[in-house]
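These notes concern the structure reproduced below.
Protein chains: 2
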Amino acid sequence: MISTKLFFEEALKPIKESEVETLFAKICEEQQSIGFYSLPTDSARTVDNIYKFILSNNAVYKGKIKNLVLLGIGGSSLGTKAVDCALKHSKNRNDINLIFLENCDPNEVGALLSGVKAKDTLFIMISKSGSTIETTSLAKYVIAKFFKTIENPRLKKRFLIITDEDSPLDRFGKEFGLERFYIAPNVGGRFSVLSAVGLLPLAILGYDIRKLLLGAAKFKKSFFDANEFEMIKKALYYVHNYEKYPINVLFSYSSSLDKLTAWYVQLWAESLGKIDKDGKNVGLTPIGLVGSVDQHSFLQLIVEGPKNKSVTFVKVKEFKNNSKIPNITIKNLEKTDFVNGLNLADLLNAQCEATLETLVEKNIPVDIIELDTLNEESIGALIFYYELLTAIAGKAFDINTYDQPGVEFGKRKLFEKLSKK
Amino acid sequence: MISTKLFFEEALKPIKESEVETLFAKICEEQQSIGFYSLPTDSARTVDNIYKFILSNNAVYKGKIKNLVLLGIGGSSLGTKAVDCALKHSKNRNDINLIFLENCDPNEVGALLSGVKAKDTLFIMISKSGSTIETTSLAKYVIAKFFKTIENPRLKKRFLIITDEDSPLDRFGKEFGLERFYIAPNVGGRFSVLSAVGLLPLAILGYDIRKLLLGAAKFKKSFFDANEFEMIKKALYYVHNYEKYPINVLFSYSSSLDKLTAWYVQLWAESLGKIDKDGKNVGLTPIGLVGSVDQHSFLQLIVEGPKNKSVTFVKVKEFKNNSKIPNITIKNLEKTDFVNGLNLADLLNAQCEATLETLVEKNIPVDIIELDTLNEESIGALIFYYELLTAIAGKAFDINTYDQPGVEFGKRKLFEKLSKK
Numbered sequence: 000m001i002s003t004k005l006f007f008e009e010a011l012k013p014i015k016e017s018e019v020e021t022l023f024a025k026i027c028e029e030q031q032s033i034g035f036y037s038l039p040t041d042s043a044r045t046v047d048n049i050y051k052f053i054l055s056n057n058a059v060y061k062g063k064i065k066n067l068v069l070l071g072i073g074g075s076s077l078g079t080k081a082v083d084c085a086l087k088h089s090k091n092r093n094d095i096n097l098i099f100l101e102n103c104d105p106n107e108v109g110a111l112l113s114g115v116k117a118k119d120t121l122f123i124m125i126s127k128s129g130s131t132i133e134t135t136s137l138a139k140y141v142i143a144k145f146f147k148t149i150e151n152p153r154l155k156k157r158f159l160i161i162t163d164e165d166s167p168l169d170r171f172g173k174e175f176g177l178e179r180f181y182i183a184p185n186v187g188g189r190f191s192v193l194s195a196v197g198l199l200p201l202a203i204l205g206y207d208i209r210k211l212l213l214g215a216a217k218f219k220k221s222f223f224d225a226n227e228f229e230m231i232k233k234a235l236y237y238v239h240n241y242e243k244y245p246i247n248v249l250f251s252y253s254s255s256l257d258k259l260t261a262w263y264v265q266l267w268a269e270s271l272g273k274i275d276k277d278g279k280n281v282g283l284t285p286i287g288l289v290g291s292v293d294q295h296s297f298l299q300l301i302v303e304g305p306k307n308k309s310v311t312f313v314k315v316k317e318f319k320n321n322s323k324i325p326n327i328t329i330k331n332l333e334k335t336d337f338v339n340g341l342n343l344a345d346l347l348n349a350q351c352e353a354t355l356e357t358l359v360e361k362n363i364p365v366d367i368i369e370l371d372t373l374n375e376e377s378i379g380a381l382i383f384y385y386e387l388l389t390a391i392a393g394k395a396f397d398i399n400t401y402d403q404p405g406v407e408f409g410k411r412k413l414f415e416k417l418s419k420k
Numbered sequence: 000m001i002s003t004k005l006f007f008e009e010a011l012k013p014i015k016e017s018e019v020e021t022l023f024a025k026i027c028e029e030q031q032s033i034g035f036y037s038l039p040t041d042s043a044r045t046v047d048n049i050y051k052f053i054l055s056n057n058a059v060y061k062g063k064i065k066n067l068v069l070l071g072i073g074g075s076s077l078g079t080k081a082v083d084c085a086l087k088h089s090k091n092r093n094d095i096n097l098i099f100l101e102n103c104d105p106n107e108v109g110a111l112l113s114g115v116k117a118k119d120t121l122f123i124m125i126s127k128s129g130s131t132i133e134t135t136s137l138a139k140y141v142i143a144k145f146f147k148t149i150e151n152p153r154l155k156k157r158f159l160i161i162t163d164e165d166s167p168l169d170r171f172g173k174e175f176g177l178e179r180f181y182i183a184p185n186v187g188g189r190f191s192v193l194s195a196v197g198l199l200p201l202a203i204l205g206y207d208i209r210k211l212l213l214g215a216a217k218f219k220k221s222f223f224d225a226n227e228f229e230m231i232k233k234a235l236y237y238v239h240n241y242e243k244y245p246i247n248v249l250f251s252y253s254s255s256l257d258k259l260t261a262w263y264v265q266l267w268a269e270s271l272g273k274i275d276k277d278g279k280n281v282g283l284t285p286i287g288l289v290g291s292v293d294q295h296s297f298l299q300l301i302v303e304g305p306k307n308k309s310v311t312f313v314k315v316k317e318f319k320n321n322s323k324i325p326n327i328t329i330k331n332l333e334k335t336d337f338v339n340g341l342n343l344a345d346l347l348n349a350q351c352e353a354t355l356e357t358l359v360e361k362n363i364p365v366d367i368i369e370l371d372t373l374n375e376e377s378i379g380a381l382i383f384y385y386e387l388l389t390a391i392a393g394k395a396f397d398i399n400t401y402d403q404p405g406v407e408f409g410k411r412k413l414f415e416k417l418s419k420k
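In structure tokens, the structure reads:
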């Protein structure tokens, strides 16, 4: 599934076992009150509801849906995007076209919806309360464009809602007879991919969401069985040294993991960038890279720039596609023939190893997460690994990992600015 | 075209005019020897050759080309990707499908080439020397898949080369009778978008490359006419304070500018992440964000996390698409009605302003670049602005902005690893 290894053991030595155990105990306690911990193991009813909906809904089941449009931003879209990007080459994925309406950029909205027709499209509006201004504005746009009015009875067949139970959006949906799925209680947006927020769209796209949850559940068990103290040490090291290493880089060696790094960036940035109890601005700045592409973009800075970054590599051990570099010689470029006959994936993974070894030799705090292969189980495990790591780091910073008070001020400013107009 | 404004004037006061003038003089001197400075004004022959090629090549001219496949990585692809992403909604863009073959990820390569046929596809291999291992490997893959052997005479019609004159790749192309375009002398990969590297594919896609160069040339003139000292001050501030503000964020308020931020990340990271003459690791870490999406991902960290970031906003003053948020009220969500009737673009731009003002109030070094609209001229100007800013910052660090010695070690390691197999 996934395995991990740290390459900065020496640096970790000052961390006391007792500190690790105390932090572990705090996480064991926190899991009683914070919703995301329960998702891998307590989602059977949600999953049943989702499959019941899909099976009973002819339009989805019989392949009549061409487009799935998700109206949501931030935590409401990044998780689904991450999983779909990671697994879109797998056999489970059907050919429904997935469209994310997130940004109020008129060019993008116009391009994404061109060619979309209401009769073969399912719209899902995802918002905890319904008050996210982008999502609500785009929902209004979609309703006007495809259904004319909000009272149109066709809305009931084509427009679903995922929200918190009894939120304003839920109450609206109830009154208008729209199908609703609920986010499990006390689950924040950026921790919600394993709730209905991610599970419903991913199931519609054909993915095995039970396997996704199973991967997360297995990693959860391993963690709470006290088998993953290494990741607690890693989090403690990051937090103890956040002024020396303010930046954490996630370097994923597969284009398929591109959006998973974007999901990690939100999780890490919004959870850990906080004012702590002493009034200090703390946090770690996340950067997502894709190998080998970003060896030609960012690696120079890691190697020769300021030594202010820790780096986590993600590697996929086995790709099912074994396309080869053919035995062709390009005259004058014979020196590139040393890779002839190799699988593309072997070259990619050798690049990952070469870069990792280079950074280890430069004394950069490096670790690696290896996925056996790209499938629902390994991605579920990776997601839960990062949710746990974030929770642990937040606890070590002694901050509230689950709020985002810093963005409220800008929202008020926006309201003042526009309500004047 | 573009206009700029700094919001940290107070902080800039200690910078002496004489320091600004000295740096300006150094850049005036450097432009004699570094190739990218000349591209906006000295590319008439390249442009003529490109249009002559397109006009004389029936397949391109008569709309018989469905796919344009670019084989290149890093500086060979990021610039074209940035411009195409920025302008793909414009009327100039034809409907040729643009495919980037960069990463040796077998799933991605398989997906990108599925459905591609040699008879309606043009392949362009882009590499300064031809020895970039990803590009050469993928070129071999493409040759085997679509042409069987390298001697296939159809290769001459379908496979172009952009490279340095007299490079090994050039000599190969010459011997096999392949069409070649040259990168202007002394232009590094990440500064090459305004050379044949970007101009040839962009012209094939329908963009007005003369306008792109014109925008760059106008900004160049303004700079060398000594009208842009503010950007020298900004660069000096960044360099003087790189330990306090090690991170520079480019926050672009349009989904269309997503890939331009990726281009900036390479330019900034690879140019400025260097060991300086005293053996010190210097540089500034670039982060690209897209508004308003990343308000829901990264903004919390900027507002409440460590105060280690400067932030540059990019805003598009006028979008040609004036899609509106309809006057629809969603029951229970009436508080979102304050944006009803607004253009989507007005909401997007108000979000940009609200976020900028928030960060200014938090005493974060903030500036803004405003584009009149998204077109070839404004994007050309923005590109040249960033190339100049990078050159100035590199000069202020007193480093070699144009090399990348830090990535060689990993390349040797890869060779050792694989040539053993």
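Protein chains in written order, with numbering that gives the first Met the number 0: chain V, 0 to 420; chain C, 0 to 420. Glycine residues also receive a C-beta, built at the ideal position from the N, C-alpha and C atoms.
Following the continuous beta strand (DSSP E) through residue i, name the residue where it begins and the one where it ends.
{"i": "V/LYS314", "result": "308 to 317"}
{"i": "V/PHE250", "result": "246 to 251"}
{"i": "C/VAL46", "result": "From DSSP, C/VAL46 is part of no beta strand (DSSP E) but of the alpha helix (DSSP H) over 43 to 55."}
{"i": "V/THR120", "result": "120 to 125"}
Quick one: grab the DSSP three-state call for residue i.
{"i": "V/ILE363", "result": "coil"}
{"i": "V/GLU356", "result": "helix"}
{"i": "C/SER2", "result": "strand"}
{"i": "V/PHE35", "result": "helix"}
{"i": "C/VAL281", "result": "strand"}
{"i": "C/THR79", "result": "helix"}
{"i": "V/THR162", "result": "strand"}
{"i": "C/THR21", "result": "helix"}
{"i": "V/THR400", "result": "coil"}
{"i": "C/GLY188", "result": "helix"}
{"i": "C/VAL289", "result": "strand"}
{"i": "C/PHE146", "result": "helix"}
{"i": "V/ASP94", "result": "coil"}
{"i": "C/VAL115", "result": "coil"}
{"i": "C/LYS412", "result": "helix"}
{"i": "C/PHE337", "result": "helix"}
{"i": "V/ARG157", "result": "helix"}
Answer yes or no: do residue i and residue j have a C-beta to C-beta separation smaller than 8 angstroms?
{"i": "C/LEU70", "j": "C/VAL141", "result": "yes"}
{"i": "C/PRO245", "j": "V/VAL281", "result": "no"}
{"i": "V/ALA344", "j": "C/LYS416", "result": "no"}
{"i": "V/VAL302", "j": "V/THR260", "result": "no"}
{"i": "V/PHE218", "j": "V/VAL19", "result": "no"}
{"i": "C/ILE95", "j": "C/ILE368", "result": "no"}
{"i": "C/LEU177", "j": "C/ILE160", "result": "yes"}
{"i": "C/ILE33", "j": "C/TYR385", "result": "no"}
{"i": "C/ILE263", "j": "C/GLY290", "result": "It is Tyr, not Ile, that sits at residue 263 of chain C in the sequence shown. Going by C-beta atoms, C/TYR263 is not nearer than 8 angstroms to C/GLY290."}
{"i": "C/ALA392", "j": "C/ALA234", "result": "yes"}
If you follow the alpha helix (DSSP H) that residue i is part of, which residue opens it and which one closes it?
{"i": "V/MET230", "result": "228 to 239"}
{"i": "V/TYR263", "result": "257 to 271"}
{"i": "C/LEU199", "result": "195 to 203"}
{"i": "V/LEU332", "result": "Element bounds for V/LEU332: n/a, residue is neither H nor E."}
Starting from the beta carbon of residue i, find every residue of chain C whose beta carbon is closer than 8 angstroms, and list them in chain order.
{"i": "V/ILE274", "result": "GLU303"}
{"i": "V/ILE142", "result": "PRO325, ILE327"}
Please name the residue in the options whose C-alpha comes closest to that of residue i.
{"i": "C/LEU332", "options": "V/THR135, V/ILE95, V/ASN93", "result": "V/THR135"}
{"i": "V/ALA349", "options": "C/VAL365, C/SER191, C/LYS412, C/ILE367", "result": "C/LYS412"}
{"i": "V/LYS65", "options": "V/PHE122, V/ARG179, V/ILE26", "result": "V/PHE122"}
{"i": "V/TYR50", "options": "V/LYS87, V/THR335, V/ALA202", "result": "V/ALA202"}
{"i": "C/ARG157", "options": "C/LEU193, C/VAL115, C/ILE182", "result": "C/VAL115"}
Starting from residue i, find everything on chain V with Cβ-Cβ shorter than 7 angstroms and list it in chain order.
{"i": "C/GLN299", "result": "ALA268, GLU269, GLY272, GLN403, GLY405, VAL406"}
Under 9 angstroms between beta-carbons, which chain C residues line up against residue i? List them in chain order, please.
{"i": "V/LEU204", "result": "Simply none; closest approach about 16 angstroms."}
If the cut is a Cβ gap below 7 angstroms, which residues of chain C does residue i touch?
{"i": "V/ASN320", "result": "PRO105, ASN106, GLY109"}
Is residue i near the ligand FMN - that is, is its Cβ less than 7 angstroms away from at least one heavy atom of it?
{"i": "C/CYS84", "result": "With respect to the ligand FMN, the structure shown offers nothing to examine, as it has no ligands at all."}
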